[in-house]
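**Q** If you scroll down you'll find the structure; I have some questions about it.
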Amino acid sequence: MLPLEGCRLSLLLCFMLSEPEPTEPVPDLVNLTIPASADGELLQLAIERSLDEGHQSDATVLPDAPPTRDIQPIRAARNAQHQNAPAVRRNSTSQNPPVPEVAHYSSHNPPSEKPPDPKTFEGTISHFISAAGKRMVTYRRVDDTIAYIGPEPNQDEEPIFMAIREGDAAQVKNLAFQPGTNLMQPSKPGWLPIHQAAWYKQTECLRALVSVQHGMLNKQSARGETALLVAVQRDSLDCALVLLENGANPDIPNFDKETPLFKACEFHNAAMVAAILNHGAAVNKHCIQGCTALQEATVHNDVEIFQMLISAGAKINTPNMFGITPLFSAAQNGCMDTLRLVIKHGGDINTQATDGNTALYEAVKEGQEEAVELLLSHKADANKPGRTGLLPLHMAAKNGNEAMASLLIPKTSRTCVRRSGISPLHFAAERNRDEVLEMLLKAGYEVNALLSDERSTLYEDRRRSVLYFSVANVNIHAVRLLLSHGAKTDLDTLPPLAVAARQGALQTVNLLLEHGAQVNVSVPGLTTSFPPLIMFTARDPLLLKVLLDHGLQGAPCFTCSYGNMPHPPLSSRPENNTRTMEFCEMMSSASASSTWTVTQSGASSRIKQRGNFSVASQVTDRRNEEHTARDTLPPRSLMHLCRLKIRSLVQKQRLKHLLLPPPLLRFILHQLQEDLDPESMDSCNYEICI
Numbered sequence: 002m003l004p005l006e007g008c009r010l011s012l013l014l015c016f017m018l019s020e021p022e023p024t025e026p027v028p029d030l031v032n033l034t035i036p037a038s039a040d041g042e043l044l045q046l047a048i049e050r051s052l053d054e055g056h057q058s059d060a061t062v063l064p065d066a067p068p069t070r071d072i073q074p075i076r077a078a079r080n081a082q083h084q085n086a087p088a089v090r091r092n093s094t095s096q097n098p099p100v101p102e103v104a105h106y107s108s109h110n111p112p113s114e115k116p117p118d119p120k121t122f123e124g125t126i127s128h129f130i131s132a133a134g135k136r137m138v139t140y141r142r143v144d145d146t147i148a149y150i151g152p153e154p155n156q157d158e159e160p161i162f163m164a165i166r167e168g169d170a171a172q173v174k175n176l177a178f179q180p181g182t183n184l185m186q187p188s189k190p191g192w193l194p195i196h197q198a199a200w201y202k203q204t205e206c207l208r209a210l211v212s213v214q215h216g217m218l219n220k221q222s223a224r225g226e227t228a229l230l231v232a233v234q235r236d237s238l239d240c241a242l243v244l245l246e247n248g249a250n251p252d253i254p255n256f257d258k259e260t261p262l263f264k265a266c267e268f269h270n271a272a273m274v275a276a277i278l279n280h281g282a283a284v285n286k287h288c289i290q291g292c293t294a295l296q297e298a299t300v301h302n303d304v305e306i307f308q309m310l311i312s313a314g315a316k317i318n319t320p321n322m323f324g325i326t327p328l329f330s331a332a333q334n335g336c337m338d339t340l341r342l343v344i345k346h347g348g349d350i351n352t353q354a355t356d357g358n359t360a361l362y363e364a365v366k367e368g369q370e371e372a373v374e375l376l377l378s379h380k381a382d383a384n385k386p387g388r389t390g391l392l393p394l395h396m397a398a399k400n401g402n403e404a405m406a407s408l409l410i411p412k413t414s415r416t417c418v419r420r421s422g423i424s425p426l427h428f429a430a431e432r433n434r435d436e437v438l439e440m441l442l443k444a445g446y447e448v449n450a451l452l453s454d455e456r457s458t459l460y461e462d463r464r465r466s467v468l469y470f471s472v473a474n475v476n477i478h479a480v481r482l483l484l485s486h487g488a489k490t491d492l493d494t495l496p497p498l499a500v501a502a503r504q505g506a507l508q509t510v511n512l513l514l515e516h517g518a519q520v521n522v523s524v525p526g527l528t529t530s531f532p533p534l535i536m537f538t539a540r541d542p543l544l545l546k547v548l549l550d551h552g553l554q555g556a557p558c559f560t561c562s563y564g565n566m567p568h569p570p571l572s573s574r575p576e577n578n579t580r581t582m583e584f585c586e587m588m589s590s591a592s593a594s595s596t597w598t599v600t601q602s603g604a605s606s607r608i609k610q611r612g613n614f615s616v617a618s619q620v621t622d623r624r625n626e627e628h629t630a631r632d633t634l635p636p637r638s639l640m641h642l643c644r645l646k647i648r649s650l651v652q653k654q655r656l657k658h659l660l661l662p663p664p665l666l667r668f669i670l671h672q673l674q675e676d677l678d679p680e681s682m683d684s685c686n687y688e689i690c691i
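Here it is as C-alpha cells:
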C-alpha cells in the first residue's frame, strides 16, 4: 500500500473518483491508500496530467543511465485548482453508453495525447519513475509548460546495447558478427555501442567491439564526445587504457573544445592524465574559453598534475580569452602550491587581464594575503593600476585589510596615488576602516587629499575631502583622528559642519568647531538672508545654542527687507525666482514640507544675541500678541547691550582668555544660570507653528 499526499489525493478525487452524495461523509484523505497495480499506474498518470505546470516527482531519476539530452531538474509542483474537473460516476444506472469526458486543463497548452518526436522537439526531456514503479517521461516546452507526460514509449533496447549494459562480452562479440548488426548505427542520436561500453565501464565489451569494428574508435556522439572522453568523464582508467592502446585519438575534443586531457585535469585524476600524456596527447590545446589543461590544474592546486604537464611541455604564460594566465588564476584563488610552481617556472609576475587588473590587484581584491606577500617578494609591481585606475593599496584600504595595507604602503608610489584621483584614505573613511585609516595617516598620506573632479561627480553632494566621508558616516573616532592630523574643515562645496548639523550630531559639531570650522557658511542651492545652519538646527535648541555661542549670526533672523509691511504671497512669485529667502518667510511658509517649531530654548538663544529689535509682521501674525509685545518691547537691559558690544569687539577665540573676574567672564560667555536655564526666560517662551 502506497500512501499519497493530501494535495495529490485532492487532484486524484477531482479527476478519477465518483462525485460523492451530499449526505455521505467526506472520506479521510490522509489515510487513503491506493494499490500499486495497473489501476494505480493509471491513477498516477491522471495525477501527472492534471498538473498544469512543473511537477517534481518523489521518485529518483533513472540511475546510472547514459544521458540522451540535457536533463534539467523539474521544478516543484504547484497544486492546480481544478474546480470544474469532471467526475466519473462508477455506479451509473443509465442504459446508454457513457459519453467520454473531455479533460479540462487550466493551462492554455494542455499536454498532448501522443509523445512528440525527440529528434525535432524543442524543449527539455526528463525521465522519472512513478510511485508504482512505472518509467515515465516528461516533455517540457521552452516556456516551461508540459507538452507531454506519460509512460515511456515501448522501445525495445537493441540486443547489443542490452548485452553491453549487462557486461556479456561473448554475446556482444556474437551479435557483432551477425549480418543484421550495424555497429556504426546509433541507437540514440549519435550514441554508438562503443559509447555504451565506455559509459557502463565494460572493459571486455570494449575490447570485443574494437576487435570487430575498429572504425568506430574515434566516432563522436551528438555532443561531440568520443568513447575515450566518455571513459574519462566516467573515471574509468581501464576503459581509457583499452581505447588508448587500440589507437584512440586523445586530442579529439567535444563541442566545448574540451579534450580528454582537459577533462582528466578537471576531475583531478593524475593516473588518467599520465596515461593520456603517455599516448601523445597535445598538452597546450585550449577549451572554448581559451583555458588549457595547465590552467585547470593550477586552479585546482594540483601539484602532481601540474608537474606532469610542465614536463610534457605545457606553456606557462598562455592566457585564456579574458587574458588570465595560470599565475593570475593561482593568485586570484589563493592556490599557493601551484602559484609557487608557476613563479618557479617563469610565470609573468606582472601579468594583466584584458581589463588591466594585475594578478597582485586581484589577489588583494579577493583577500589572498599569502599570495600577496609571495607576489611582492618576487618584485610584483604595486603601482600598475587596473581598468578603473585604482591600485592594489586602494583595494586593501577598501576591504580594511591591515596586513595587506602594511605590505603595500612601502611599495606604492605617492605619485601614482595622486594620479589615480583618489586617496586610499577616502576608501578607508568611506568604509569606516579606522585601523587602516590610522595606519595610512601614520605612514604620511596627505590628510587633506581631495577627490578628482571626475570622481567627485560620482557623488550627489560633490564631496571631496576625507573628513567629509567620516562626518557623513557619523564616525566620531575617525573625525577626531583626521582633525588631530590637521584635516581642514572648509575643503568641500557643502561644509562638513553643515552635514553634521543636519544630522544633529552634536559631538561631531563640537569637534569641528573646536578645530576652527566656520559657522556662518553658505550652502549651495540655498540663498537666504540668514545663516543656513539655522535651518538645520531649528528643531535642536541645544545644537543651535552651541552654534550661536561659536559666532553664528542670529541678527539676520530679526531683520526683513519687508519690515512690518505685509509680505507678498509666495504663490504669486515666479517659480524660478532666485530672490533671497527671509527667515520669517521660511518660518511661515505654507509650502514648507514639515512643521517648523521654535521652542522657548531656541527663541531664547536667538534673542540673547540681539539688542533692541522688532519681529516682522509675517511672524507676528502667527504668534500670540501678548508674548509678541513683551518680546519686542524696547529697551533691552544695559548689561545685555554691553555684553553684545564686548562680544562684537573681541574675537570669539579670545573671549575665553579675557583677564576678567570669573562671574563677569561667565556672563559674557552666556554661561550664567539665567542663560542656561530656559525656565528663567519666561518672556521668550513662544512658538511659531506652520
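Heads up, the sequence shown is in the numbering used here, so the first residue is 2 and it goes up one at a time. Quick reminder that beta carbons are idealized off the backbone N, C-alpha and C, glycines included. Since we're looking at a predicted model, the values are computed, not measured.
1) Ends of the beta strand (DSSP E) at Ile147?
2) Could you please give me the residues that DSSP links to His516 through a beta bridge?
3) Helix, strand or coil for Leu452, going by three-state DSSP, please let me know.
4) Less than 8 Å between the beta carbons of Ala332 and Ala298, yes or no?
5) DSSP three-state call for Ile289: helix, strand or coil?
6) Measuring straight from C-alpha to C-alpha, what distance separates Pro393 and Arg434?
7) At a cut of 8 Å, does the stretch 162 to 172 reach the stretch 140 to 150 through at least three beta carbon pairs?
8) Assuming Ala488 and Leu544 form a contact by the criterion Cβ under 8 Å, report the distance between their Cβ atoms to the nearest whole angstrom.
9) So, helix, strand or coil for Val138, using DSSP?
10) Just checking my contact of Arg208 with Val243 at CB under 8 Å: how many whole Å lie between their CB atoms?
11) Considering only DSSP beta bridges, list what Ile130 is partnered with.
12) Run through DSSP, which three-state label would Thr494 get?
13) Which residues in the same chain as Leu295 place their Cβ atom closer than 6 Å to its Cβ, once the five residues preceding and following it in sequence are excluded?
14) Are Leu468 and Pro497 close, meaning C-beta to C-beta below 8 Å?
15) Spatial neighbours of Ile410 within its chain, please: C-beta separation below 8 Å, excluding the five flanking residues on both sides.
16) Rounded to a whole number of angstroms, what is the C-alpha to C-alpha distance between Val524 and Glu436?
17) Assign Asn255 to one of two classes, buried (16 or more other C-beta atoms within 10 Å of its C-beta) or exposed (fewer than that).
18) If you drop the 5 nearest sequence neighbours on each side, which residues of the same chain put their C-beta closer than 6 Å to that of Thr560?
19) Take the Cβ of Asn279 as the centre, count every other Cβ of all protein chains shown within 10 Å, and call the residue buried at 16 or more, exposed below.
20) For Lys220, tell me which candidate among Ile195, Pro532, Ile289 has the shortest Cα-Cα distance.
21) Excluding sequence positions up to five away, which residues of its chain have a Cβ less than 7 Å from the Cβ of Leu483?
22) So, helix, strand or coil for Gln203, using DSSP?
23) Under the rule that 16 or more other beta-carbon atoms within 10 Å means buried, what is His551, buried or exposed?
24) Is the beta carbon of Phe531 closer than 8 Å to that of Cys558?
25) Evaluate Phe329 with the Cβ neighbour count: other Cβ atoms within 10 Å of its Cβ, from every protein chain shown; 16 or more gives buried, anything less gives exposed.
26) Which one of Ile126, Met273, His215, Glu153 has the shortest CA to CA distance from Met137?
27) From the DSSP output, in three-state form, read off Thr389 for me.
28) I'd like the span of the alpha helix (DSSP H) that includes Asn279, first residue to last.
29) By DSSP, does His671 sit in helix, in strand, or in coil?
30) As a quick exercise: from Arg481, Thr490, Thr413, Ile477, pick the residue whose alpha carbon is nearest that of Leu451.
31) Taking all protein chains shown into account, do 16 or more other C-beta atoms lie within 10 angstroms of the C-beta of His427, making it buried, or fewer, making it exposed?
32) Roughly how many whole angstroms lie between the Cα atoms of Gly526 and Lys546?
33) Answer yes or no: do Asn334 and Cys292 have a C-beta to C-beta separation smaller than 8 Å?
34) Compute the distance between the beta-carbons of Thr184 and Val213, then report whether it is under 8 Å.
35) Using three-state DSSP, classify Ala508 as helix, strand or coil.
**A** Result, derived from the coordinates:
1) Ile147 -> beta strand (DSSP E) spans 147 to 152.
2) None; His516 has no bridge partner.
3) coil
4) no
5) In this structure, Ile289 counts as coil in the three-state DSSP scheme.
6) 16 Å
7) no
8) So it is not a contact: roughly 21 Å between Cβ atoms.
9) Strand.
10) 6 Å
11) Checking the DSSP bridge columns, you'll see Ile130 partnered with Arg136.
12) coil
13) Leu310, Ala315, Pro327
14) yes
15) Excluding the 5 residues flanking it on each side, Ile410 has same chain C-beta neighbours closer than 8 Å at Leu394, Met440, Leu441, Ala444, in chain order.
16) Those two C-alpha atoms are separated by around 32 Å.
17) buried
18) none
19) exposed
20) Ile195
21) Val448, Val467, Leu468, Ser471
22) Of the three classes helix, strand and coil, the one that applies to Gln203 here is coil, per DSSP.
23) buried
24) yes
25) Its Cβ being crowded by 16 or more others within 10 Å, Phe329 is buried.
26) Glu153
27) coil
28) It spans 271 to 279 - the alpha helix (DSSP H) in which Asn279 sits, taken as one unbroken run.
29) coil
30) Thr490
31) Per the 10 Å Cβ criterion, buried.
32) 25 Å
33) no
34) What sits at residue 184 in the sequence shown is Leu, not Thr. Going by C-beta atoms, Leu184 is nearer than 8 Å to Val213.
35) Note that residue 508 corresponds to Gln in the displayed sequence, not to Ala. In the structure shown, Gln508 sits in a helix (DSSP, three-state: H, G or I).
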